[in-house]
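Colleague: Each protein sequence line maps, in turn, to chains A and B.
Quick note, our numbering runs 67 ahead of the 1-based positions in the first sequence.
Quick note, our numbering runs 6 ahead of the 1-based positions in the second sequence.
Where a beta carbon is used, it is the ideal one built from N, C-alpha and C, also for glycine.
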Amino acid sequence: MKSIAIVGAAETTDLGVIPHMSQIQLHADAALNTLADAGLTAKDIDGVATAGESPTAIAHYLGITPKWVDGTQVGGCSFMIHVRHAVAAIRDGLCETVLITHGESGRSNVGRGGNFRGGGGASSLPGQFEAPYGPVGPPTMFTLPVLRYMKDFGMTHEQLAMVAVVQREWASMNPRASYRERITVDDVLKSRMIAYPFHLLECCLVTDGGGALILVSGERAKNFEQKPVYIIGSGESVETPMVSQMEDLTSSRAFKVAGPTAMQSAGIGHDDVDHMMIYDAFAHLPIYGLEDLGFCARGEAAQFIWEGNTRPGGKLPLNTNGGGLSYMHSGMYGMYALQESVRQLRGTAPAQVVGAEISLCLGVGGMFGASGCVVMSNIGP
Amino acid sequence: MPKESRPLPRPTPETQHFWEGTKVGELRLQRCVDCEHVYFPPRPFCPSCSSRSVSIFKASGRGRLLSYVINQRPHPAWNAPYSIAIVELDEGPRMMSNIVGCDQTPEALQLDMPLEVTFEQMSDDIALPLFKPTRRAS
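#1: If you draw a straight line from the alpha carbon of A/Met395 to that of A/Pro379, how long is it in whole angstroms?
#2: To the nearest angstrom, report how far apart A/Leu280 and A/Glu303 are at their CA atoms.
#3: Does chain B have any CB closer than 7 Å to the CB of A/Ala105?
#4: Let me know if A/Lys294 comes out buried or exposed under the rule of 16 or more other beta-carbons within 10 Å of its beta-carbon.
#5: Within 10 angstroms of the Cβ of B/Phe24, are there 16 or more other Cβ atoms? Answer buried if so, exposed if not.
#6: Is any beta-carbon of chain A found at less than 7 Å from that of B/Phe125?
#7: Could you tell me the alpha carbon to alpha carbon distance between A/Ser70 and A/Asp159, rounded to whole angstroms?
#8: Could you work out which residues of chain B lie near A/Thr128, taking near to mean beta carbons separated by less than 8 Å?
#9: On a Cα-Cα basis, can you pick out the residue from A/Leu429, A/Gly106, A/Met344, A/Arg243 that is closest to B/Ser56?
#10: Since A/Ala95 contacts A/Pro308 with CB under 8 Å, what's their CB separation in whole angstroms?
#11: Which partner residues does B/Lys138 have in the DSSP bridge list?
#12: According to DSSP, B/Val81 sits in a beta bridge with which residue or residues?
#13: Which term fits B/Arg34, buried or exposed, when burial requires 16 or more other beta carbons within 10 angstroms of its beta carbon?
#14: Between B/Phe46 and A/Gln370, what straight-line distance do the alpha-carbon atoms span, to the nearest angstrom?
#15: Pairs of beta-carbons, one from the region 269–279 of chain A and one from the region 417–429 of chain A, closer than 8 Å: are there three or more?
#16: Between B/Leu115 and B/Ser73, how many whole angstroms is the CB-CB distance? I'm expecting something under 8 Å.
#17: Give the single residue among A/Gln234, A/Phe435, A/Pro242, A/Ala262 whose Cα lies nearest to the Cα of A/Thr251.
#18: I'd like to know whether the C-beta atoms of B/Pro152 and A/Ala189 end up nearer to each other than 7 Å.
#19: In terms of residues, what are the limits of the alpha helix (DSSP H) holding A/Gly404?
#20: On the three-state DSSP scale, how would you describe A/Gly185?
#21: From A/Asn182 to A/Val74, what does the alpha carbon distance come to, in whole angstroms?
#22: At what residues does the beta strand (DSSP E) containing B/Gln36 begin and finish?
#23: State the start and end residues of the unbroken alpha helix (DSSP H) segment that holds A/Arg169.
#24: So which residues on chain A does B/His81 lean against when the C-beta distance must stay under 8 Å?
#25: Could you tell me whether the region 199–217 of chain A touches the region 113–124 of chain A, where touching means 3 or more Cβ pairs closer than 8 Å?
#26: Using 7 Å as the threshold, is the C-beta distance between B/Ala133 and B/Leu95 below it?
#27: Chain A partners of B/Pro112, CB-CB under 8 Å?
#28: Which two residues bound the contiguous beta strand (DSSP E) that contains A/Asp137?
#29: So which of B/Gln36, B/Glu20, B/Asp40 has the shortest CA-CA distance to A/Gln92?
#30: Mind checking if A/Phe196 is an interface residue toward chain B, Cβ cutoff 7 Å exclusive?
#31: A/Ile157: buried (16+ other C-beta within 10 angstroms of its C-beta) or exposed?
#32: Apply the 10 Å Cβ neighbour rule to A/Ile446 and answer buried if 16 or more other Cβ atoms are within range, or exposed otherwise.
#33: Can you tell me which of the three DSSP states A/His351 falls into?
#34: For a quick check, are the C-beta atoms of A/Thr164 and A/Ile112 less than 7 Å apart?
#35: 7 Å is my cut-off, CB to CB: does B/Glu10 come that close to chain A?
#36: Using only alpha-carbon positions, find the residue among A/Tyr403, A/Val420, A/Val177, A/Gly361 that is nearest to A/Val84.
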């Protein structure tokens, strides 16, 4: 088996009492010393693992575009577990150069407490540079980039509304969907304004729920009662904990790393995808996802949806459970997108895509902060 | 009037210079001495090349309206509707802010309109950089 080695190791410049550094800077100070120890810069790193701060915050702060992240946080032994996970990731080719960081302002208590959205109080970067301007949750942050997209590519309010209309059409076929009554573009545009340009029906639901998955080897899978759904490819990345710091407001950098990585590792092209899920916290997400994964050219996804390509009977069935806009959304919807991919590949979905063999499931985390993508198939290796 | 004051930043050692700047009417950015990359939010190293050799300078305070939403949801510190915007500074970096000094409507808030910074003292310690439409020279 391929051996994996540690080639850089260092601590923070000072130890003991360090009131002149916030917690994220302690991570960065240790990281910069470790990069110097290894003779690398942050641009050479493609895997990030950390605990105490989110990998999204650490990667963005250091200027890293990772292909692999691990935010396993189980207390003081998190870093031993990160090492173990990093060994498996490098061995499997998910990434080549992993940086594992730790920093903790345990004594001075400066800038402590990030979470996966990068939040964590008035001294965190989002707390200093976003919260003072009045965002009220995802409907006012996830939505911020879309006017830029509309101006750059000429997308209309009607086209954005159509995303919700199509997903409701799928939901109308699903007895478990929260909202099943068919709607029109006009209904969407007449629904209450939440944060211009987003109307109520262009925002995801807020519901309760849960889901779980069990994975075993393909070898063992044959002995189970259910038809196996094989993981044939995957990808991941993070960009920024602050939507205002996205590199390009019309495109998700995390989508652009996670999606193609997943498709390449699966060895598939766009025409091979029979069924697709794109995490739709808001109506613009499927548009960004279709373009960032190359299913549509830049600026053309809204028209692609408008023309019915993602509807029942269309050539690329998308969000067939009704999505976060109509099926359910408990806060971290990714699990439900995976569940629908599994149902479609088992052949048990309420709105079944006939003959579906390959499903691509694209997730988002934070406000375009992170992405994970999984390609599944019901055809065994 | 709003019931509460808005959530205010608590500066850290790495961001102190920025918040000292806004108090004296300066928008301060950082530039890498090695690769000249200009960046925000503040940190004592370059996110482009990892150099620890960086300088602080006073930005022009000019920018353009890159994108925004007009929030209709209740916030204890605001009377909705109000704009939450992303401003692209002339020097390159982008920041979240509010657009003030004009109607909070899609008609008044035109993308790419030129903006200039204005500072609003929120407490003894904190002045926030907000942006207003640039007045045309006549």
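Modeller: With the structure as the only source:
#1: Start at 1 with the first residue of the first sequence, and residue 395 of chain A comes out as number 328. Start at 1 with the first residue of the first sequence, and residue 379 of chain A comes out as number 312. Going from the Cα of A/Met395 to the Cα of A/Pro379 covers about 19 Å.
#2: Here residue 280 of chain A corresponds to residue number 213 of the first sequence, with the count starting at 1. Here residue 303 of chain A corresponds to residue number 236 of the first sequence, with the count starting at 1. Near 19 Å, if we compare the C-alpha coordinates of A/Glu303 and A/Leu280.
#3: Position 38 of the first sequence, counted from the start, is the residue given in the question as residue 105 of chain A. Chain B contact via Cβ: absent.
#4: Looking up residue 294 of chain A in the first sequence gives position 227. With fewer than 16 other Cβ atoms within 10 Å, it is exposed.
#5: In the second sequence, counting from the first residue as 1, residue 24 of chain B sits at position 18. The residue in question, B/Phe24, is buried, as its Cβ has 16 or more Cβ neighbours within 10 Å.
#6: On the second sequence, position 119 is the one that residue 125 of chain B refers to. Taking Cβ atoms only, chain A never reaches closer than 7 Å to B/Phe125, which makes this a no.
#7: Numbered from 1 along the first sequence, position 3 holds the residue referred to as residue 70 of chain A. Numbered from 1 along the first sequence, position 92 holds the residue referred to as residue 159 of chain A. Straight-line Cα distance between these residues: approximately 12 Å.
#8: Start at 1 with the first residue of the first sequence, and residue 128 of chain A comes out as number 61. Contrary to the premise, residue 128 of chain A reads as Tyr rather than Thr in this sequence. Those within 8 Å of A/Tyr128 in chain B are Arg49, Pro53.
#9: Here residue 56 of chain B is taken as the residue at index 50 of the second sequence, counted from 1. Nearest C-alpha to B/Ser56: A/Gly106.
#10: For the purposes of this step, residue 95 of chain A is taken as residue 28 along the first sequence, with counting starting at 1. For the purposes of this step, residue 308 of chain A is taken as residue 241 along the first sequence, with counting starting at 1. Incorrect: roughly 14 Å between the Cβ atoms, too far for contact.
#11: The sequence position of residue 138 of chain B within the second sequence is 132, counting from 1. According to DSSP, B/Lys138 bridges with B/Glu122.
#12: Position 75 of the second sequence, counted from the start, is the residue given in the question as residue 81 of chain B. Reading off the sequence, residue 81 of chain B comes out as His, not Val. Partner(s): B/Trp84.
#13: Here residue 34 of chain B is taken as the residue at index 28 of the second sequence, counted from 1. So B/Arg34 ends up on the buried side.
#14: Locating residue 46 of chain B in the second sequence gives position 40, counting from the first residue. Locating residue 370 of chain A in the first sequence gives position 303, counting from the first residue. In a straight line, the C-alpha of B/Phe46 is about 35 Å away from that of A/Gln370.
#15: no
#16: If you number the second sequence from 1, residue 115 of chain B lands on position 109. If you number the second sequence from 1, residue 73 of chain B lands on position 67. In fact, because the Cβ distance is near 10 Å, the residues do not count as touching under 8 Å.
#17: For the purposes of this step, residue 251 of chain A is taken as residue 184 along the first sequence, with counting starting at 1. Among A/Gln234, A/Phe435, A/Pro242, A/Ala262, the Cα nearest to that of A/Thr251 is on A/Gln234.
#18: The question about residue 152 of chain B has no answer here: the residues shown for chain B are numbered 7 through 144.
#19: As a working mapping, residue 404 of chain A is identified with position 337 in the first sequence. Residue identity check: residue 404 of chain A is Ala in the sequence provided, not Gly. Segment 401–413, the alpha helix (DSSP H) holding A/Ala404.
#20: Within the first sequence, the letter at position 118 stands for residue 185 of chain A. Confidence at A/Gly185 is low in this model, with a pLDDT of 42, below 50, so the placement of that residue should be treated as unreliable; the coordinate-derived value is given next. Three-state DSSP puts A/Gly185 in coil, outside helix and strand.
#21: In the first sequence, the residue the question calls residue 182 of chain A occupies position 115. In the first sequence, the residue the question calls residue 74 of chain A occupies position 7. Below a pLDDT of 50, predicted positions are generally treated as unreliable, and A/Asn182, at 43, falls in that range; the measurement from the model is reported next regardless. Roughly 29 Å between the two C-alpha positions.
#22: As a position in the second sequence, residue 36 of chain B is number 30, starting the count at 1. Note, B/Gln36: beta strand (DSSP E), 34–38.
#23: Within the first sequence, numbered from 1, the residue matching residue 169 of chain A stands at position 102. Here residue 169 of chain A turns out to be His, not Arg, going by the sequence shown. Segment: none, A/His169 is in no alpha helix (DSSP H) and carries neither H nor E.
#24: One-based indexing of the second sequence puts residue 81 of chain B at position 75. Simply Gly201, Val203.
#25: These segments do not touch.
#26: The residue you call residue 133 of chain B lines up with position 127 of the second sequence. The residue you call residue 95 of chain B lines up with position 89 of the second sequence. Contact: no.
#27: In the second sequence, the residue the question calls residue 112 of chain B occupies position 106. Per Cβ cutoff of 8 Å: Tyr263, Pro264.
#28: Counting from one through the first sequence, the residue named residue 137 of chain A turns up at place 70. Where A/Asp137 is concerned, the enclosing beta strand (DSSP E) stretches over 135–137.
#29: Taking the first sequence and counting its residues from 1, one reaches residue 92 of chain A at position 25. Nearest option by C-alpha distance: B/Glu20.
#30: Residue mapping note: residue 196 of chain A aligns to position 129 of the first sequence, counting from 1. Closer than 7 Å: yes.
#31: Position 90 of the first sequence holds residue 157 of chain A. Buried, by the Cβ-count rule.
#32: One-based indexing of the first sequence puts residue 446 of chain A at position 379. The Cβ neighbour count for A/Ile446, taken over all protein chains shown within 10 Å, is under 16; the residue is labelled exposed.
#33: What you label residue 351 of chain A is simply residue 284 of the first sequence in a count that begins at 1. Note: A/His351 maps to coil in three-state DSSP.
#34: Translated into positions along the first sequence, residue 164 of chain A becomes position 97. Translated into positions along the first sequence, residue 112 of chain A becomes position 45. Yes, these two residues count as a Cβ contact at 7 Å.
#35: Residue 10 of chain B sits at position 4 when you count from the first residue of the second sequence. At a cut-off of 7 Å, the C-beta of B/Glu10 has no neighbouring C-beta in chain A.
#36: As a first step, residue 84 of chain A is located in the first sequence; it is residue number 17 there, counting from the start. Nearest option by C-alpha distance: A/Val177.
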